[in-house]
Amino acid sequence: MAKFYNEPSRTFSEYLLIPSLTTKECVHENVDLSAPLVKGKPDEKVLRLNIPFTSSIMQSVSDANMGIALARSGGMSFIFCSQGIESQAEMVRKVKKFKAGFVTSDTNLRPDQTLGDVVNATKLVGHSTIAITDDGTANGKLLGILTSRDYRVHKAGLDAPISKFMTPFSKLVYAKEGISLSEANELIWEKKLNCLPIIGDEQQLRYLVFRKDYDEHKENPNELVDAEKRLVVGAGINTRDYKERVPALVEAGADILCVDSSDGYSEWQGDAIRWIKSTYGADVKVGGGNVVEEDGFRYLVDAGADFVKVGVGPASICITREQKGIGRGQATSLIEVAKARNQYLEETGVYVPLCSDGGLVMDYHIVLALAMGADFVMQGRYFARFDESPGRKILIRGNYMKEYWGEGSERARNWQRYSEGGGTGLTFEEGVDAYVPYAGRLKDNLAVTLAKIKSTMCNCGSISIKQLHDTARLTLVSATSIREGGAHDVMLKESDVMTSEK
Ligand code: IMP
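When we follow our numbering, the leftmost residue of the sequence shown carries the number 9, and every step to the right adds one.
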């Protein structure tokens, strides 16, 4: 007979944390939000996140832009894999090559082009610094720089050649490739420049460093970098083309991989992880998932997974549960898998980090997930709202929205995520194509979310995630007390609606 789990599986909103003694050391500055990304013995030095945030392996969330922004804030993106191998590898390379403050020039012309070309180019980019190179490309031989202070179109006319107005190379202050950002900024201040070109041995343009960017780049104390000070980035893989995809991603410099699957408890996923470990040994790190209970966790860890991702069906754009009737309340999944992880630690002495993936709606859900045993979270909807996500920003009925679509939607057609082996193609959808309210810059939003997490941890008397794991106290809440949790029985000034009537 089928096995029944008689207790209902539960989700985050059904739990609250109970405050514990807040000692005087529990202040935001003392809270350490770093978390292990990969397995190891408790005292072993392993790859860690500076904040417990990763962004989802999704077309609408994790491209190179998001990878750069999130690593600069201390977390990490997994670049989406529902694209060609070479374009995914190129995104990984772009994150690894990123140098804070060193900008690849986006507006470049040749000296024989005209002020008319300048006017057109500046209209497109919205700034006025143009690099003048021999071939009009970002890495051509640098011949001069043109800014809006160098010419007056109404006097010179649109046909006048750029060469007449640009500051020629012989009069430019420039620096050679290899200079550090702080040295470049010293030069900018000393010579009163707005922009410093950085060139290679043959006078090829490499980057521009702008005065206005300096403060921005000083303010990233959490930046997640590797031993060579390059940003850390992950990449998703599937169980179909991993023998070609993994070598390309490793070559591109991906720091960690993750098998992207809606149901990770499968022999295909076991094979993929075993192949990676037998080909590369412990050097190439790979996470597995998604699972919702002990057997799936054990299966992936036995295959060699370096971390395990938890969650089937909780995500905002997910319709897997409706379409197929599989899944489990995310809080219960996490609690059960965390028990299995702790048991595994007792038996083997090896700690396997858990990632809670999907369904984190309120910021406090993140602390609940950590308290329930997650080491870090993966989010899609949260990041899709920001400037840095790939989706378009659209004005809908007076409100700015960003596009956010599931990997199982008709739009993404990531059938490899839903069909790990067997047939090919998407026969029915498991995700929707949607909008999320636009929320601005990642950095600004993250600062508020992190402040809330730290505040809750201090209320719980914890200044590290490990301490939260060991000492958190959680309670189930009744439906009535959930209502008590928001503002109620008052008339909100901005909406003029009694909140109890909602
Ligand atoms: P969210 O943070 O609640 O939006 O959930 C994001 C997570 O949803 C991702 O990390 C994936 O695990 C999962 N996901 C992505 N695309 C789909 C889909 O089309 N259907 C179901 N789940 C999806």
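Don't be surprised by glycine CBs; every beta carbon is placed ideally from N, CA and C. Here the structure is a predicted model, which is why all the values come from computation and not from measurement.
### Inter-residue CB distance, residue 381 and residue 477 (contact presumed, cutoff 8 Å)
Going by Cβ atoms, the distance from residue 381 to residue 477 rounds to 6 Å, so yes, they are a contact pair.
### Query
What separation, rounded to the nearest whole angstrom, lies between the Cα atoms of residue 371 and residue 122?
Straight across, the Cα-Cα distance linking residue 371 with residue 122 is about 52 Å.
### Message
Distance check for residue 308 and residue 352, CA to CA, integer angstroms please.
### Response
Cα to Cα, the separation comes out at about 12 Å.
### N-terminal and C-terminal residue of the beta strand (DSSP E) that residue 266 is part of
Where residue 266 is concerned, the enclosing beta strand (DSSP E) stretches over 264-267.
### Message
Measuring CB atoms only, is the stretch 96-107 touching the stretch 122-142, in the sense that at least three cross pairs come out at less than 8 Å?
### Response
The stretch 96-107 is not in contact with the stretch 122-142.
### Message
Rounded to whole angstroms, what is the Cα-Cα separation between residue 4 and residue 421?
### Response
Since the first residue shown for the chain is 9 and the last is 510, residue 4 is missing from the structure and cannot be characterised.
### Task
Confirm the yes/no value for this check: CB of residue 365, any heavy atom of the ligand IMP, distance under 7 Å.
The answer is yes for residue 365.
### Message
Buried or exposed, going by whether 16 or more other CB atoms sit within 10 Å of the CB of residue 334?
### Response
By the neighbour-count rule (16 or more Cβ atoms within 10 Å), residue 334 is not buried but exposed.
#### Entry: Expected contact under 8 Å - CB spacing of residue 439 and residue 326 to nearest Å
With a Cβ gap of about 6 Å, residue 439 and residue 326 count as contacting.
### Query
Do you know offhand how far residue 239's Cα is from residue 71's?
So the two alpha carbons sit approximately 14 Å from each other.
### Sequence ranges, beta strand (DSSP E) only - wholly within the stretch 297-368, length at least 3
Runs found: 315-318 and 362-365.
### Message
Does the beta-carbon of residue 388, which I'm using as the reference point, lie nearer than 7 Å to any heavy atom of the ligand IMP?
### Response
The answer is yes for residue 388.
### Task
Measure the CB-CB distance between residue 61 and residue 385 and report whether it falls below 8 Å.
Yes, they are a contact pair.
### Task
Find out if the Cβ-Cβ distance for the pair residue 365, residue 318 is shorter than 8 Å.
The Cβ atoms of residue 365 and residue 318 lie closer than 8 Å to each other.
### Inter-stretch contact at 8 Å, needing at least 3 Cβ pairs: the stretch 210-222 / the stretch 191-198
Touching, per the Cβ criterion.
### Task
Could you tell me whether the stretch 444-455 touches the stretch 383-399, where touching means 3 or more Cβ pairs closer than 8 Å?
As far as the Cβ criterion goes, the stretch 444-455 touches the stretch 383-399, which means the pair count is three or higher.
### Query
In this structure, what does DSSP give as the bridge partners for residue 116?
According to DSSP, which records beta bridges pairwise, residue 116 is partnered with 139.
### Message
Given this structure, state the Cα-to-Cα distance separating residue 232 from residue 286, to the nearest angstrom.
### Response
Distance between the alpha carbons of residue 232 and residue 286 is about 28 Å.
### Message
Less than 8 Å between the C-beta atoms of residue 241 and residue 79, yes or no?
### Response
Contact flag set, yes.
### Task
Assess, as a yes-or-no matter, whether the stretch 264-278 is touched by the stretch 290-299 under the definition of 3 or more beta carbon pairs within less than 8 Å.
Judged by Cβ distances under 8 Å, the stretch 290-299 makes contact with the stretch 264-278, as three or more pairs qualify.
### contact_flag[the stretch 107-121, the stretch 133-150] where n(CB pairs < 8 Å) is 3 or more
Three or more Cβ pairs closer than 8 Å define a contact, and the stretch 107-121 meets that threshold against the stretch 133-150.
### Query
With which residues is residue 203 paired in a DSSP beta bridge?
Beta-bridge partners of residue 203 (DSSP): 218.
### Nearest-angstrom Cβ-Cβ length linking residue 473 and residue 41, presumed shorter than 8 Å
Their Cβ separation, rounded to whole angstroms, is 7 Å, which keeps residue 473 and residue 41 in contact under 8 Å.
### Task
With a cut-off of 8 Å on the beta carbons, I'd call residue 149 and residue 211 a contact; round off their distance for me.
Rounded, the Cβ-Cβ distance is 5 Å, consistent with contact.
### Task
Please confirm if the stretch 423-438 is in contact with the stretch 103-112, defined as three or more CB-CB distances below 8 Å between the two stretches.
With a cut-off of 8 Å, the stretch 103-112 and the stretch 423-438 do not count as touching, because too few Cβ pairs lie within range.
### Query
Among 82, 10, 17 and 22, which has the Cα closest to the Cα of residue 483?
Cα-wise, what sits closest to residue 483 is 22.
### Message
Below 8 Å on the Cβ atoms is my contact criterion, and I expect residue 361 with residue 43 to pass it. Report the Cβ-Cβ distance as a whole number of Å.
### Response
At roughly 7 Å, the Cβ-Cβ gap stays under 8 Å, so residue 361 and residue 43 are in contact.
### Task
Would you kindly report the start and end of the unbroken alpha helix (DSSP H) that includes residue 451?
Residues 450-467.
### Query
How many angstroms separate the CA atom of residue 124 from the CA atom of residue 114?
Rounded to the nearest angstrom, the gap between the Cα atoms of residue 124 and residue 114 is 18 Å.
### Message
Less than 8 Å between the C-beta atoms of residue 185 and residue 214, yes or no?
### Response
Judged by their CB atoms, residue 185 and residue 214 are nearer to each other than the 8 Å cut-off.
### Message
With a threshold of 7 Å on Cβ separation, who are the neighbours of residue 154 within its own chain once the five nearest residues in sequence on each side are excluded?
### Response
Correct list, in chain order: 126, 138, 140, 170, 173 and 174.
### Query
Is residue 379 closer than 8 Å to residue 151 when the C-beta atoms are compared?
It is not a contact, given that the beta carbons lie outside the stated cut-off.
#### Entry: Whole-number beta carbon distance between residue 93 and residue 256, since they are thought to touch under 8 Å
About 5 Å separates the two Cβ atoms, so the contact holds.
### Message
My output table needs one value for residue 248: the three-state DSSP class, helix, strand or coil.
### Response
In the structure shown, residue 248 sits in coil (DSSP, three-state: anything other than H, G, I, E or B).
### Nonlocal neighbours in the same chain, by C-beta distance under 8 Å from residue 363, ignoring five residues either side
Only 62, 295, 297, 315, 316, 317, 318, 382, 383, 384, 385 and 386 meet the Cβ criterion.
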